[in-house]
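Following this note's numbering, the numbering of the sequence shown begins with 18 at its first residue and continues without gaps. Backbone N, C-alpha and C define an ideal beta-carbon position, used for all residues, glycine too. In this text, all values refer to a predicted model and were calculated from it rather than measured experimentally. Take a look at the structure below.
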Amino acid sequence: METKEYTNGEVTIIWQPKKCIHSGICVKTLPEVYNPKEKPWVKPEHASSQELIDQVAKCPSGALSIKK
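Structure below.
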């Protein structure tokens, strides 16, 4: 399965596009990090590592995960 990785240097967000159900929780929770209109659409440097971990835990589809 295709994956994309985005890192802030401490943690890496792994996104699996085919799993994404587009619930929008990521964008609503951390709009400064997730902006689907931009490339790259994930900018993890705009939040703390803990904020990213907490937000990814709320992803209902499991399309987002964290690699430390």
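Close beta carbons around residue i, own chain, < 7 Å, minus the five adjacent residues each side
i     : result
LYS36 : SER78, GLY79, ALA80
ALA64 : LEU47, GLU49, VAL50
CYS76 : ILE42, CYS43
GLN72 : CYS43, THR46, LEU47
Expected contact under 8 Å - CB spacing of residue i and residue j to nearest Å
i     : j     : result
LYS84 : ILE31 : 6 Å
Residues near residue i by beta carbon distance below 8 Å, same chain, minus five either side
i     : result
VAL28 : PRO61, SER66, LEU69, ILE70, ILE83, LYS84, LYS85
ASN52 : VAL44, TRP58, LYS60
Proximity below 9 Å, CB of residue i to CB of residue j
i     : j     : result
GLU19 : GLN33 : yes
Beta bridge counterpart(s) of residue i as assigned by DSSP
i     : result
GLU22 : ILE31
| task | Go through the segment 27 to 75 residue by residue and report every complete run of the beta strand (DSSP E) that reaches 3 residues or more, in order. | result | 29 to 32
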